[in-house]
Structure formats: structure tokens, C-alpha cells
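Working notes, beginning with the structure itself.
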Amino acid sequence: MTTAKSAPSVAPPARIDLNDVAGLIARMRSGERRAISSVITELERLSEAAPHLLQSLQPHLGHALVVGFTGPPGAGKSTLVNAVIDNLRKSGRTVGVIAVDPSSPISGGAILGDRIRMTAALDDDGVFVRSLASRGYLGGLSPAAVRIIDALDGAGFDIVLLETVGTGQNEIDVAEVADIRIVISAPGLGDDIQAMKSGLLEIADILVVNKGDRPGAEQTMQQLIGALSIRATVADKIPVLKTSALNGEGVAKLVTTIDEIGHRVTLDDAKSRRRRRARYLIARAASDLVATRIKAGGSGALDPLADAVLSGTMTPDAAARRVLES
Ligand SMILES: Nc1nc2c(ncn2[C@@H]2O[C@H](COP(=O)(O)OP(=O)(O)OP(=O)(O)O)[C@@H](O)[C@H]2O)c(=O)[nH]1
Ligand SMILES: [Mg+2]
Numbered sequence: 001m002t003t004a005k006s007a008p009s010v011a012p013p014a015r016i017d018l019n020d021v022a023g024l025i026a027r028m029r030s031g032e033r034r035a036i037s038s039v040i041t042e043l044e045r046l047s048e049a050a051p052h053l054l055q056s057l058q059p060h061l062g063h064a065l066v067v068g069f070t071g072p073p074g075a076g077k078s079t080l081v082n083a084v085i086d087n088l089r090k091s092g093r094t095v096g097v098i099a100v101d102p103s104s105p106i107s108g109g110a111i112l113g114d115r116i117r118m119t120a121a122l123d124d125d126g127v128f129v130r131s132l133a134s135r136g137y138l139g140g141l142s143p144a145a146v147r148i149i150d151a152l153d154g155a156g157f158d159i160v161l162l163e164t165v166g167t168g169q170n171e172i173d174v175a176e177v178a179d180i181r182i183v184i185s186a187p188g189l190g191d192d193i194q195a196m197k198s199g200l201l202e203i204a205d206i207l208v209v210n211k212g213d214r215p216g217a218e219q220t221m222q223q224l225i226g227a228l229s230i231r232a233t234v235a236d237k238i239p240v241l242k243t244s245a246l247n248g249e250g251v252a253k254l255v256t257t258i259d260e261i262g263h264r265v266t267l268d269d270a271k272s273r274r275r276r277r278a279r280y281l282i283a284r285a286a287s288d289l290v291a292t293r294i295k296a297g298g299s300g301a302l303d304p305l306a307d308a309v310l311s312g313t314m315t316p317d318a319a320a321r322r323v324l325e326s
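Take 1 as the starting number for the sequence shown in my numbering and just add one per residue.
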């Protein structure tokens, strides 16, 4: 994995007072923005303070509903997230936002774009936005996003919105950590339905066709409903909604739908939802370990097993088990 290779092998030093972790968490929970920001930064960098912070956060976790917004570039995810924030704020709920930016960590262009689009929200104490560049995280982007979800949850936000571009497995992974996954599409994106068929559709709890004000929105809805009908068992359960994030149309209905599903989700106890994220982190760490082990063996290490597979004396599955046992 490229991210792990370039990352330092030891945690960077903490930039906070390690003797006052409890104080920092208390300040964060009282809504002090600088404290929220430092906790997130430490967790994001997986600094030496991170394990202490995560431990102190434990008793405060499990309150927030985590809602993932994913879909092709330009579908209007940020604009829709913005509109959803406005709606949630009107009903008095506090919102944490994680925007995973697909661009390079250096350019910063799209991160800035997201920030500007969310400026109204940035003046509001009930909203906290953090952008993450999609590369450069110790252990990978998704685990970093999970740690930041914990920070925002621990800070007491009612809802955490997670925006990711749904083009690669990495982003789908990020979406998997949400309690509710919203897959957003829009007319005029060309191959979006194709992209959705390859994985995104499977993870959706709600499908949204944004840019409902544009021609072709109805057709995109029908295409999605058609694609869903192939999965007959779930087709009738997945809502397909039309929104126009720019003028707010359909946003109230989207929030109502999130709430309905959220209500069901939170009937599962908080612990089981957190356990799901922990399971995900373990699975990620395990597959990273296997990849590291295979890489560490050097390019020739798998040759004897490869030959056994070639000669038909061993199946690839059996060879894989042998690697795991080594
Ligand atoms: N007509 C119309 N345009 C919209 C709507 N929602 C978003 N847009 C426009 O679509 C463009 C992309 O919107 P973003 O919200 O940045 O889309 P995104 O999916 O977050 O994009 P990335 O983060 O770059 O993947 C912007 O120019 C928006 O103004 C909508 O409902 N109707
Ligand atoms: Mg965006």
C-alpha cells in the first residue's frame, strides 16, 4: 500500500500536553473549537498522543449518527452536504463534517473549494468541518477517517457527515464505516451508472439523483431504479430520491429519510455500531499486515508456491493459507 510505505514507522511526537489529555477532552466536549481541532489533528497524524486520546474518548462515543455521502466527482456531494447541514441546523442538531478530498495533498484546490462552499457553516459553532487529503495517512485513509469520526462523536456532535468521492475501492471503504450510506448521482455525468454498478450501488442505503433541476434527472432516476431492480430482494427497500442541492428542493425529504433510517440504525445499540467500525479496522489492519509480509518476503519468496500452483499441486487458496500460516 503506497500510503503506508511513505509514512513514518513510528508515531510523530504529540503537539499537546500528554499530562492534560483529560483536560483537552473536557475542553473539546464543552465545544472549544481549538480543542476539537487539536484532538482531530493528533488522531489524524496518529501521534503518540493518539492512543491516550482514543482511550479517554471511549466513554463518550456512540452518540453520533454517521452518514456517508459518496458518488462520482462533480455529482454535487459538497453542495448537497451543505444543504443538509442547513436543514439539520434548523432543527437544532449539531453537525460534524469530514470531507475526503480526492485531489493531491499538495494542490489543495478542491479542499479549498469545499471549504468555500461551506463558509456559511463555518461561522456556526454547531458545525465543525475537517477536510482530509486522500493520501499520506499512517495505516491508510479509512482508518484515519474512522479516528476522526470518533473525535467528532466524542466532541458530542449529533450527526457526522462524511463526504467521499466514490471512484475507487478506497473511497468505498471509507463509505463502509458510515451508519447510513447515501450514494449520489446526477444527470450528465456519463458513465456514472456504470461506476455505480461496480460496487457503489451495493452499499447504498439511500440513492439520490442530485441536480434534479437539470434535464435528464428523471432518466437517471429510472436507470437507477432499473439497476436496483436486478437486486430484487432489496430494490423495494432502497429509497431513490431526487434533489436539487442548489435550490434546496428535495433536501427536506432527504433529511426525513435519513432520520427514518437513522432511527432504525440507532435501535441497534451504540456499541454494536462502534463494534462494526472496530471490526472494519481490524480487517483493514490484517490485510495490510499480510500485504506487508508478502512484500517483505521479496519478489522471489512466493515462487515456490507459485510453481506449486502452476503445476497444479496446490490451489491458489491453499497457497494463500500457507502464506498466512508462515
Ligand atoms: N444545476 C445544479 N448544479 C449543482 C447542483 N448541485 C451542485 N451543483 C453544481 O455542480 C458542481 C459540482 O458540485 P460539488 O458540490 O462541488 O460536487 P462534488 O460532488 O462535491 O464534487 P467533488 O468533491 O469534486 O467530487 C458545482 O458547480 C455545483 O454548483 C444542483 O442541484 N443543480
Ligand atoms: Mg466535493
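For each residue, glycine too, the CB sits at the ideal point set by N, CA and C.
Should residue i be labelled buried (16 or more other beta-carbon atoms within 10 Å of its own) or exposed?
i    : result
V13  : Here the sequence assigns Pro to residue 13, which means Val is not the residue at that position. Exposed is the call here.
T243 : buried
E44  : buried
G109 : Here G109 scores only 45 on pLDDT, less than 50, and its place in the model should not be relied on; the value that follows carries that caveat. Exposed: under 16 other Cβ atoms inside 10 Å.
G96  : buried
T315 : exposed
S38  : buried
S78  : buried
L18  : exposed
E218 : exposed
I36  : buried
R273 : buried
G247 : According to the sequence as given, residue 247 is Asn; it is not Gly. Looking at its Cβ environment, which holds fewer than 16 other Cβ atoms inside 10 Å, N247 is exposed.
P105 : Confidence at P105 is low in this model, with a pLDDT of 44, below 50, so the placement of that residue is unreliable and no value is reported for it.
R328 : There is no way to answer for residue 328, as the model of the chain reaches only from 1 to 326.
E163 : buried
L289 : exposed
A49  : buried
Comparing the CB of residue i with every heavy atom of ligand 2, is any distance shorter than 7 Å?
i    : result
K77  : yes
E42  : no
I163 : It should be noted that the sequence gives Glu, not Ile, for residue 163. Yes.
Would you check if the distance between the CB atom of residue i and the CB atom of residue j is smaller than 8 Å?
i    : j    : result
S185 : G68  : no
I339 : A204 : Nothing about residue 339 can be read from this structure; the chain reaches only from 1 to 326.
G250 : G212 : yes
L161 : V183 : no
L132 : I180 : no
I230 : V240 : no
F157 : A278 : no
L331 : G74  : Outside the shown range of the chain (1 to 326) lies residue 331, about which nothing can therefore be said.
S47  : A22  : no
L88  : A245 : no
P187 : P215 : yes
L61  : G126 : no
L201 : A178 : no
A301 : A319 : no
I149 : R130 : no
V146 : L281 : yes
V209 : V84  : no
Does the Cβ of residue i lie closer than 7 Å to at least one heavy atom of ligand 1?
i    : result
P73  : yes
D86  : no
L246 : yes
K211 : yes
R214 : yes
Does residue i come within less than 8 Å of chain D when only Cβ atoms are used?
i    : result
G199 : Looking at the structure shown, chain D is missing, and only one protein chain is on hand.
**beta strand (DSSP E) runs wholly inside the segment 35 to 87, at least 3 long, in chain order** = 65 to 71
**Request:** Would you mind listing the alpha helix (DSSP H) stretches within the segment 215 to 286 that are 4+ residues and don't spill past its ends, in chain order?
**Result:** 217 to 229, 232 to 235 and 251 to 267
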